[in-house]
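Engineer:
Protein chains: 2
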Amino acid sequence: MSVTAPQGFEAAGVAVGLKSTGKPDVAVVVNRGPLKVGAAVFTSNRAKANPIIWSQQAVQDGVVEAIVLNSGGANCFTGSFGFQTTHQTAEKAAELLGVSAGDVLVCSTGLIGTGDQVFRGKVLAGTEQGIAELSADGGEAASLAIMTTDSRPKRAVHTGEGWTIGGMAKGAGMLAPGLATMLVVVTTDAVLTAEQADAHLRHATAVSFDRLDSDGCMSTNDQVTLLASGASGIAPDAAGFRAALAAVCLDLAEQLQGDAEGASHDIRIVVKNAASEDDAVEVGRSVARNNLFKAAIFGNDPNWGRVLAAIGTTEAQFDPYDVDVWMNGVRVCTAGGPDAPREAVDLTPRATEVVIDLKVGDAVATILTNDLTHDYVHENSAYSS
Amino acid sequence: MSVTAPQGFEAAGVAVGLKSTGKPDVAVVVNRGPLKVGAAVFTSNRAKANPIIWSQQAVQDGVVEAIVLNSGGANCFTGSFGFQTTHQTAEKAAELLGVSAGDVLVCSTGLIGTGDQVFRGKVLAGTEQGIAELSADGGEAASLAIMTTDSRPKRAVHTGEGWTIGGMAKGAGMLAPGLATMLVVVTTDAVLTAEQADAHLRHATAVSFDRLDSDGCMSTNDQVTLLASGASGIAPDAAGFRAALAAVCLDLAEQLQGDAEGASHDIRIVVKNAASEDDAVEVGRSVARNNLFKAAIFGNDPNWGRVLAAIGTTEAQFDPYDVDVWMNGVRVCTAGGPDAPREAVDLTPRATEVVIDLKVGDAVATILTNDLTHDYVHENSAYSS
Numbered sequence: 226m227s228v229t230a231p232q233g234f235e236a237a238g239v240a241v242g243l244k245s246t247g248k249p250d251v252a253v254v255v256n257r258g259p260l261k262v263g264a265a266v267f268t269s270n271r272a273k274a275n276p277i278i279w280s281q282q283a284v285q286d287g288v289v290e291a292i293v294l295n296s297g298g299a300n301c302f303t304g305s306f307g308f309q310t311t312h313q314t315a316e317k318a319a320e321l322l323g324v325s326a327g328d329v330l331v332c333s334t335g336l337i338g339t340g341d342q343v344f345r346g347k348v349l350a351g352t353e354q355g356i357a358e359l360s361a362d363g364g365e366a367a368s369l370a371i372m373t374t375d376s377r378p379k380r381a382v383h384t385g386e387g388w389t390i391g392g393m394a395k396g397a398g399m400l401a402p403g404l405a406t407m408l409v410v411v412t413t414d415a416v417l418t419a420e421q422a423d424a425h426l427r428h429a430t431a432v433s434f435d436r437l438d439s440d441g442c443m444s445t446n447d448q449v450t451l452l453a454s455g456a457s458g459i460a461p462d463a464a465g466f467r468a469a470l471a472a473v474c475l476d477l478a479e480q481l482q483g484d485a486e487g488a489s490h491d492i493r494i495v496v497k498n499a500a501s502e503d504d505a506v507e508v509g510r511s512v513a514r515n516n517l518f519k520a521a522i523f524g525n526d527p528n529w530g531r532v533l534a535a536i537g538t539t540e541a542q543f544d545p546y547d548v549d550v551w552m553n554g555v556r557v558c559t560a561g562g563p564d565a566p567r568e569a570v571d572l573t574p575r576a577t578e579v580v581i582d583l584k585v586g587d588a589v590a591t592i593l594t595n596d597l598t599h600d601y602v603h604e605n606s607a608y609s610s
Numbered sequence: 226m227s228v229t230a231p232q233g234f235e236a237a238g239v240a241v242g243l244k245s246t247g248k249p250d251v252a253v254v255v256n257r258g259p260l261k262v263g264a265a266v267f268t269s270n271r272a273k274a275n276p277i278i279w280s281q282q283a284v285q286d287g288v289v290e291a292i293v294l295n296s297g298g299a300n301c302f303t304g305s306f307g308f309q310t311t312h313q314t315a316e317k318a319a320e321l322l323g324v325s326a327g328d329v330l331v332c333s334t335g336l337i338g339t340g341d342q343v344f345r346g347k348v349l350a351g352t353e354q355g356i357a358e359l360s361a362d363g364g365e366a367a368s369l370a371i372m373t374t375d376s377r378p379k380r381a382v383h384t385g386e387g388w389t390i391g392g393m394a395k396g397a398g399m400l401a402p403g404l405a406t407m408l409v410v411v412t413t414d415a416v417l418t419a420e421q422a423d424a425h426l427r428h429a430t431a432v433s434f435d436r437l438d439s440d441g442c443m444s445t446n447d448q449v450t451l452l453a454s455g456a457s458g459i460a461p462d463a464a465g466f467r468a469a470l471a472a473v474c475l476d477l478a479e480q481l482q483g484d485a486e487g488a489s490h491d492i493r494i495v496v497k498n499a500a501s502e503d504d505a506v507e508v509g510r511s512v513a514r515n516n517l518f519k520a521a522i523f524g525n526d527p528n529w530g531r532v533l534a535a536i537g538t539t540e541a542q543f544d545p546y547d548v549d550v551w552m553n554g555v556r557v558c559t560a561g562g563p564d565a566p567r568e569a570v571d572l573t574p575r576a577t578e579v580v581i582d583l584k585v586g587d588a589v590a591t592i593l594t595n596d597l598t599h600d601y602v603h604e605n606s607a608y609s610s
């Protein structure tokens, strides 16, 4: 059900030929209220696609009626014509829904530089068709229409005490061709103010999508949107809702990791006993972005030297000669020296856990990443994307 | 001739079994003076190998009599035993040369964690044998003994007005297995003070080795050493010497790039019209470290969208929508939009040039990198290193 699991939402997914395969490529999600609360977080890349520029403005007032998403073209670096396409998309949806264009968000994903007249015509047609096909069980269709190189749709639902959260996501971390735009829409029928929605979403993404670092490459089109309808009539306990939202986002993030293109390992890097959570994140990210480490994991090689060399590049507080490293439960390095022999470590399962004990504090953070594989190189070199 | 091209230097390269292939693996370079000036720059990685920790202290006073370098083991994360090995190496050389151990530098390269009793015995034997075989034309032998995964030795010589600079280097950028330690020794018979040697070396490395960013992975053992004998009796013009030293270092850096493991393209990223040189370096480095860009070049794909997405992650001053990108002489992106068609760009040659025009100032910097290839993944996953 994904985004239509909570009350007050309708969705659709339609095919208009943006994808050469003929598969669905335009999704629409509409909030029927009574509340029309929206919040969103966006890529921090300064090179922003036109839908990002539009949506950042449109979400400012905390009111969102609908969101239109297309695959098959990123509409990024397509100039003022491309921006007008986004604007016209919002206007088309607004006109058909009887709302203000400024309350319609737009997301696009696909090849950078794609956004010509043909693209515009198809996106507008898809918007019209999608709105015509809106239904209270359209969440599944919508989740299919936003897929690009994804091998499967990503959906999650959490049932709270009288309220529900539903979500859909697309993208293969930041790993797929076309810069792997990550698009996420999460809906809830809980009663939230715009400020609450914004705060909850920022917290949830900070501990989920922001800690998925598949290949270190930042997209121009990433957008995570939360829509709240209030249709349950229930204002949830803030801590409980926040935890549930974070769990839904982490669930979707792990689905993205598990479908990362070309990857053969899903790597959880747990950094513990750090002086601060920021330190833990910095250390974990330095490992997640180290190509030598990632290639070693692909080769089932518990190469702790590459872990230490990676974390040595950070500013985090720790003594490089008093760090322990565990791989899949085996301590391979203790206090900056070799421990268990490499033969003791089994790295053949796809699920891989690396634990780094910094021994200076009590903060912890987990970063999700993937290995560097031949398929990654193939997918990202063999096709123009 | 490499390091023995200038007057006042002797060198040797010997084989003591550190390499399983039986090839030469210990090099010694000795400064016969009259001056015994030395300067060095080291990896900024906080995880430093024992030879780095030793050499950083030994070079402090600006006096260096000799340097001993071994391949076949990094002596990194080998604890106090490993540090004692480095110390004993310096003492052995000092004893045989009749100098102070504190004036002997040590470099090691190879697998992290290698530094046991057998390693120590071989390094000490190699030091003794190398000193016994020192000769004024031993530069070539020394350059062979520091090779690890290098397919060919790297040497450079510059002849100034009465003085000479010679150099040798090993490593495949930061790209090879074992974290690709980059070891460089540059010698000169010019008359330099320790302060001049240090300043000239820091300048030269900043515009050469520091701008070689093959895979973004920082070694634990990198060391670049300059030795000055003063044997020419000539104190060179400072600007002329600095330019010559930078040219020798850049020559060696380009040789490292050209031999980077698994690479199929040598990529020059020229960032021009930046607000500052720092901005230009930051922008160039962001592209050099972007796996999607690097995979695209491997696939001969002039994917300018990935260039813009990479530079959008920097803090440098520029307007992402007013940047031009050229690939091998063809402008593929102008003012944040598509320009020449991809078919107009020929990326088949190994030498690849990407020019990024930021249009905000007049600073320029060039970063050297390589593409991301199947061979890179293979080399760094198929072997424990």
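Residue numbers (the working numbering), protein chains in the order written: chain A, 226 to 610; chain B, 226 to 610. Cβ coordinates follow ideal geometry from the N, Cα and C atoms, glycine included.
1. From the DSSP output, read off the bridge partner residues of glutamine 421/A.
2. At a CB-CB cut-off below 7 angstroms, which residues of chain A make contact with valine 602/B?
3. Starting from the Cα of valine 266/A, find the closest Cα among Asn605/A, Asp447/A, Val548/A and give me that residue.
4. Cβ of phenylalanine 267/A less than 8 angstroms from any chain B Cβ?
5. Exposed or buried, which one is leucine 243/A when buried takes at least 16 other CB atoms within 10 Å?
6. With DSSP as the reference, label glycine 403/A as helix, strand or coil.
7. What residue from Gly258/A, Gly363/A, Gly385/A, Phe306/A has the CA that sits closest to valine 324/A's CA?
8. Does the contact criterion of 3 or more C-beta pairs under 8 angstroms hold for the segment 532-540 of chain B versus the segment 499-518 of chain B?
9. Cα-Cα, which of Ser296/A, Leu452/A, Ala318/A is closest to glycine 335/A?
10. Tell me the DSSP bridge mates of tryptophan 551/B?
11. For alanine 485/A and valine 589/A, I'd like the C-alpha separation in whole angstroms.
12. Identify the contact partners of cysteine 442/B in chain A, using a Cβ-Cβ distance below 9 angstroms as the criterion.
13. Out of Glu604/B, Asp596/B, Gly307/B, which one is the CA nearest neighbour of asparagine 605/A?
14. Could you list the residues in the segment 242-271 of chain B with a C-beta less than 9 angstroms from some C-beta on chain A, going in chain order?
15. Would you mind stating whether valine 548/B and lysine 584/B have Cβ atoms separated by less than 8 angstroms?
16. Taking Cβ to Cβ, would you say valine 288/B is nearer than 8 angstroms to alanine 318/B?
17. Is the shortest distance between the beta-carbon of alanine 500/A and the beta-carbons of chain B less than 8 angstroms?
18. For serine 333/A, does the count of other Cβ atoms within 10 angstroms reach 16, so buried, or fall short, so exposed?
19. Roughly how many whole angstroms lie between the Cα atoms of valine 416/B and phenylalanine 434/A?
20. Express the C-alpha separation of glycine 263/A and threonine 352/A in angstroms, rounding to a whole number.
21. Cutting at 7 angstroms between CB atoms, please list the residues of its own chain near glutamine 232/A, excluding the five before and the five after it.
22. Classify alanine 429/B: buried if its beta carbon has 16 or more other beta carbons within 10 angstroms, exposed otherwise.
23. Going by DSSP, what residue range makes up the alpha helix (DSSP H) through serine 280/A?
24. Could you check which residue in Ala357/B, Thr314/B, Asp587/B, Gly396/B has the C-alpha nearest to that of valine 329/B?
25. Name the one or two DSSP bridge partners that phenylalanine 234/A has.
26. Using a beta-carbon distance below 8 angstroms, is asparagine 605/A in contact with chain B?
27. Tell me whether leucine 572/A sits in a helix, a strand or coil according to DSSP, three-state version.
28. Which residues share a DSSP beta bridge with proline 563/B?
29. The ligand SAM and glycine 364/B: does any heavy atom of the ligand fall closer than 7 angstroms to the residue's C-beta?
30. Can you have a look at alanine 357/A and say buried or exposed, based on whether 16 or more other CB atoms are within 10 angstroms of its CB?
31. Can histidine 490/A and arginine 567/A be called in contact, C-beta distance under 8 angstroms?
32. Name, going along the chain, the residues of the segment 334-351 of chain B whose beta-carbon falls closer than 8 angstroms to a beta-carbon of chain A.
33. According to DSSP, what are the bridge partners of serine 333/A?
34. Measuring only the C-alpha atoms, how far is valine 343/A from isoleucine 277/A?
35. Is valine 241/B closer than 8 angstroms to methionine 393/B when the C-beta atoms are compared?
36. Could you have a look at serine 610/A and say whether DSSP puts it in helix, strand or coil?
Structural biologist: So, to answer that:
1. As a position in the first sequence, residue 421/A is number 196, starting the count at 1. Paired residue(s): none; glutamine 421/A is not in a bridge.
2. Your numbering for residue 602/B matches position 377 in the second sequence. Within chain A, the residues placing a beta-carbon under 7 angstroms from that of valine 602/B are Ala520, Phe523, Leu597, Thr598, His599, Val602, ordered along the chain.
3. Residue mapping note: residue 266/A aligns to position 41 of the first sequence, counting from 1. Checked all of Asn605/A, Asp447/A, Val548/A; the closest Cα to valine 266/A is Asp447/A.
4. The residue given as residue 267/A occupies position 42 in the first sequence. Cβ-Cβ to chain B under 8 angstroms: no for phenylalanine 267/A.
5. Here residue 243/A refers to the residue found at position 18 when the first sequence is read from its first residue. Leucine 243/A is buried by the Cβ-count criterion.
6. Against the first sequence, residue 403/A aligns to sequence position 178. Bear in mind that a pLDDT of 36 at glycine 403/A, under 50, signals an unreliable position, so the model cannot answer this.
7. The count along the first sequence starts at 1 and reaches residue 324/A at position 99. When each option's Cα is compared against that of valine 324/A, the closest is Gly258/A.
8. In short, these stretches touch, since the Cβ pair count reaches three.
9. Within the first sequence, numbered from 1, the residue matching residue 335/A stands at position 110. Relative to the Cα of glycine 335/A, the nearest Cα in the group Ser296/A, Leu452/A, Ala318/A belongs to Ser296/A.
10. As a working note, residue 551/B is residue 326 in the second sequence. Looking at the DSSP assignment, tryptophan 551/B forms a beta bridge with Arg556/B, Val580/B.
11. The residue given as residue 485/A occupies position 260 in the first sequence. The residue given as residue 589/A occupies position 364 in the first sequence. For alanine 485/A and valine 589/A, the distance between alpha carbons rounds to 25 angstroms.
12. The residue given as residue 442/B occupies position 217 in the second sequence. Here the neighbours are Asn515, Asn516, Leu517, Phe518, Arg531, Ala534, Ala535, Thr538.
13. Taking the first sequence and counting its residues from 1, one reaches residue 605/A at position 380. Measuring from the Cα of asparagine 605/A, the nearest candidate turns out to be Asp596/B.
14. Contact residues of the segment 242-271 of chain B toward chain A are Thr268, Ser269, Asn270, Arg271 (C-beta to C-beta distance below 9 angstroms).
15. Here residue 548/B is taken as the residue at index 323 of the second sequence, counted from 1. Here residue 584/B is taken as the residue at index 359 of the second sequence, counted from 1. If you check the CB distance, valine 548/B and lysine 584/B come in under 8 angstroms.
16. Position 63 of the second sequence, counted from the first residue, corresponds to residue 288/B. Position 93 of the second sequence, counted from the first residue, corresponds to residue 318/B. Cβ distance not < 8 angstroms, so valine 288/B and alanine 318/B don't count as in contact.
17. Working through the first sequence from its first residue, we reach residue 500/A at position 275. Chain B, which has no Cβ nearer than 8 angstroms to the Cβ of alanine 500/A, makes this no.
18. Within the first sequence, numbered from 1, the residue matching residue 333/A stands at position 108. Serine 333/A is buried by the Cβ-count criterion.
19. If you number the second sequence from 1, residue 416/B lands on position 191. If you number the first sequence from 1, residue 434/A lands on position 209. Here the alpha carbons of phenylalanine 434/A and valine 416/B stand approximately 58 angstroms from one another.
20. Taking the first residue of the first sequence as 1, we reach residue 352/A at position 127. Taking the first residue of the first sequence as 1, we reach residue 263/A at position 38. Cα to Cα, threonine 352/A sits roughly 20 angstroms from glycine 263/A.
21. Walking along the first sequence from the start, residue 232/A turns up at place 7. Hits under 7 angstroms: Asp414, Ser454, Ala456, Ser457.
22. Here residue 429/B is taken as the residue at index 204 of the second sequence, counted from 1. Residue burial is scored here from C-beta neighbours: alanine 429/B has at least 16 other C-beta atoms within 10 angstroms and is therefore classed as buried.
23. Here residue 280/A refers to the residue found at position 55 when the first sequence is read from its first residue. Its alpha helix (DSSP H) spans residues 275-283.
24. Position 104 of the second sequence, counted from the start, is the residue given in the question as residue 329/B. Among Ala357/B, Thr314/B, Asp587/B, Gly396/B, the Cα nearest to that of valine 329/B belongs to Thr314/B.
25. Here residue 234/A corresponds to residue number 9 of the first sequence, with the count starting at 1. Under DSSP, phenylalanine 234/A takes part in a beta bridge, and its partners are Asn256/A.
26. Along the first sequence, read from residue 1 onward, the residue named residue 605/A stands at position 380. Chain B contact via Cβ: present.
27. Residue mapping note: residue 572/A aligns to position 347 of the first sequence, counting from 1. The three-state reading of DSSP puts leucine 572/A in coil, since its state is none of H, G, I, E or B.
28. For this step, residue 563/B is matched to residue 338 along the second sequence. Looking at the DSSP output, proline 563/B bridges to Cys558/B.
29. This structure lacks the ligand SAM, and indeed carries no ligand of any kind.
30. Counted from its first residue, the first sequence places residue 357/A at position 132. Exposed, by the Cβ-count rule.
31. Your numbering for residue 490/A matches position 265 in the first sequence. Your numbering for residue 567/A matches position 342 in the first sequence. Contact: no.
32. From the segment 334-351 of chain B, only Leu336, Ile337, Gly338 have a Cβ closer than 8 angstroms to chain A.
33. Against the first sequence, residue 333/A aligns to sequence position 108. Partner(s): Asn295/A.
34. Locating residue 343/A in the first sequence gives position 118, where the first residue counts as 1. Locating residue 277/A in the first sequence gives position 52, where the first residue counts as 1. C-alpha of valine 343/A to C-alpha of isoleucine 277/A: approximately 21 angstroms in a straight line.
35. If you number the second sequence from 1, residue 393/B lands on position 168. If you number the second sequence from 1, residue 241/B lands on position 16. No; because the gap between Cβ atoms is not below 8 angstroms, this pair is not in contact.
36. Stepping through the first sequence from its first residue, residue 610/A is reached at position 385. Caution is warranted here: a pLDDT of 46 is assigned to serine 610/A, below 50, making its placement in the model unreliable, and the coordinate value is therefore given only provisionally. The three-state reading of DSSP puts serine 610/A in coil, since its state is none of H, G, I, E or B.
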